[in-house]
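Residue numbers (the working numbering): 1 to 241. Heads up, the beta-carbon is just placed ideally off N, CA and C, and yes, glycines get one too. Please read the structure below before turning to the comments.
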Amino acid sequence: GAGPDGGAGAETAGEEQGSPLAAIEEEIGPRSDAARFGGVLVLLLATFIMLAAAPQGGWVTVASTALQALTLLAALYAARSGRLLMRIALAVSALSLISALIDAIAGTGDQRAAFFLVDVMLIAAAPAAIVVGITRRRRLDIQTVMGALCVYVLLGMFWAFLFQSIEAVGSSPFFAQTAHPDTSDFLYFSFVTLTTTGYGDLTAADGLGRALAVLEALFGQLYLVTVVALLVGNLAPRRRF
1 GAGPDGGAGA
11 ETAGEEQGSP
21 LAAIEEEIGP
31 RSDAARFGGV
41 LVLLLATFIM
51 LAAAPQGGWV
61 TVASTALQAL
71 TLLAALYAAR
81 SGRLLMRIAL
91 AVSALSLISA
101 LIDAIAGTGD
111 QRAAFFLVDV
121 MLIAAAPAAI
131 VVGITRRRRL
141 DIQTVMGALC
151 VYVLLGMFWA
161 FLFQSIEAVG
171 SSPFFAQTAH
181 PDTSDFLYFS
191 FVTLTTTGYG
201 DLTAADGLGR
211 ALAVLEALFG
221 QLYLVTVVAL
231 LVGNLAPRRR
241 F
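Here it is in structure tokens:
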């Protein structure tokens, strides 16, 4: 029987806390989080391939917009973002998909406008949400590393979007080699610059573009040798006895 001091209740709570179910949840939780960020990374790579290699066309734009919207929502979900941000992302995704469908049916050719809002959310809100999500946990594990890699890929997309925006508002071509670049050219140039591969087949034509390209290369290398390297180096493997 339970004593007046509630000993039985405390004993029951202790048993629940140390139960096999609680141990399983503690074990599966971080793995589930890591799987979510792993899924985001796969979606980001699929988005990059779609934007860089898919042919131009209205229905291709619909598929690209849907993939970007799914990637955005998956990133915010993996980061455990708040309901307000998730609702905004859902609204932006819906508007972009509707715009893409209208463009595909009407054949207006305004492909960039279809997923412009998703682009902005993906390269602006998603990295910030991921950083906040992994720092809020105050734990260094595989989820932290996967989140950092997702941010790295998103940075490459951010610079591509920035370069393409400069091309759109500027009076001269961004690249010295071509006057009519498309999305694949900017993505290719951005990730080649971010990784400091430097093939040289596409180069910025003016001083602003060159300065930004140098900043991207520096930032990409500093990110890899500091953030990612430190995280991986301090990721202690779990020991089983």
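Assumed close pair residue i, residue j - CB separation to whole angstroms, cut-off 8 Å
i      : j      : result
Thr196 : Gly220 : 7 Å
Leu208 : Ile166 : 7 Å
Val153 : Ala79  : 14 Å between Cβ atoms; not a contact.
Leu162 : Leu224 : Not confirmed; about 20 Å, so no contact.
Leu70  : Leu43  : 6 Å
Ile142 : Leu45  : So it is not a contact: roughly 18 Å between Cβ atoms.
Leu140 : Leu218 : Between Leu218 and Leu140 the Cβ distance is about 26 Å, and since that is not below 8 Å, they are no contact.
8 Å Cβ shell around residue i - same chain, five flanking residues per side excluded
i      : result
Gln177 : Asp201, Leu202 and Thr203
Leu41  : Met146, Leu149, Cys150 and Val153
Inter-residue Cα distance where the pair is residue i and residue j
i      : j      : result
Ala74  : Leu117 : 16 Å
Ala52  : Leu122 : 16 Å
Asn92  : Leu72  : Per the sequence presented here, residue 92 reads as Val, with Asn not at that position. Roughly 10 Å between the two C-alpha positions.
Leu85  : Ile130 : 12 Å
Gly82  : Ala179 : 43 Å
Thr47  : Gln164 : 17 Å
Phe189 : Thr135 : 31 Å
Cβ-based burial, residue i [other Cβ within 10 Å; buried from 16]
i      : result
Asp119 : buried
Asp206 : exposed
Val62  : buried
Ala22  : Bear in mind that a pLDDT of 42 at Ala22, under 50, signals an unreliable position, so the number given afterwards is only what the model happens to contain. The residue is exposed, with fewer than 16 neighbouring Cβ atoms inside 10 Å.
Thr144 : buried
Own chain residues within Cβ distance below 6 Å of residue i, not counting five before or after
i      : result
Glu216 : Trp159, Thr193 and Leu194
Val228 : Ala148
Met50  : Ser64 and Leu67
Pro127 : Val151 and Leu154
Residues near residue i in its chain [Cβ-Cβ closer than 7 Å; skip 5 each side]
i      : result
Asn54  : Note that residue 54 is Ala in the sequence shown here, rather than Asn. Excluding sequence neighbours, Ala54 sits near Val60 and Ser64.
Ile102 : none
Phe191 : Gly156
Which runs of the alpha helix (DSSP H) spanning at least 4 residues fall entirely within the segment 189-236, listed in chain order? DSSP assignment within the segment 189-236 yields the following whole alpha helix (DSSP H) runs of 4 residues or more, N-terminal first: 207-222 and 229-233.
Give, in chain order, every unbroken run of the beta strand (DSSP E) that is at least 3 residues long and sits entirely within the segment 37-121. DSSP runs (the beta strand (DSSP E)) wholly in the segment 37-121: none.
Run through the segment 113-172 for me and flag every whole alpha helix (DSSP H) of 4 or more residues, listed as ranges in chain order. Taking only runs of at least 4 residues, the alpha helix (DSSP H) segments lying wholly in the segment 113-172 are 116-120, 126-137 and 142-169.
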